[in-house]
């Protein structure tokens, strides 16, 4: 994950603590400096209504990738 040129993140544990690679930093914008290890819901507070359901699906055992979202690929 860390060596990938694609943005990648990992939400760890019950609080979904956010870990990410360097390619993910531009997605965080001004939140990048304080986001590492913070609960995903706190980092993405303004977008949690949209992001939260994906997190719940992952917690239910489903994998999720956002390549089409980030790059517009089909």
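Numbering (the numbering used here), first residue to last: 1 to 74. Don't be surprised by glycine CBs; every beta carbon is placed ideally from N, CA and C. Note that the coordinates shown come from a computational prediction; the quantities given were computed from them, not determined experimentally.
Check, Outcome
"Three-way DSSP call (helix, strand, coil) for residue 68 in this model", "With a pLDDT of 49 at residue 68, under the threshold of 50, the modelled position of this residue cannot be trusted, and the question is left open."
"DSSP state of residue 63 mapped onto helix, strand, coil", "coil"
"Presumed contact (8 Å Cβ cut-off) between residue 17 and residue 37, rounded CB distance", "5 Å"
"For residue 39, the residue or residues it bridges with in DSSP", "17"
"Length of the line joining the Cα atoms of residue 65 and residue 7", "10 Å"
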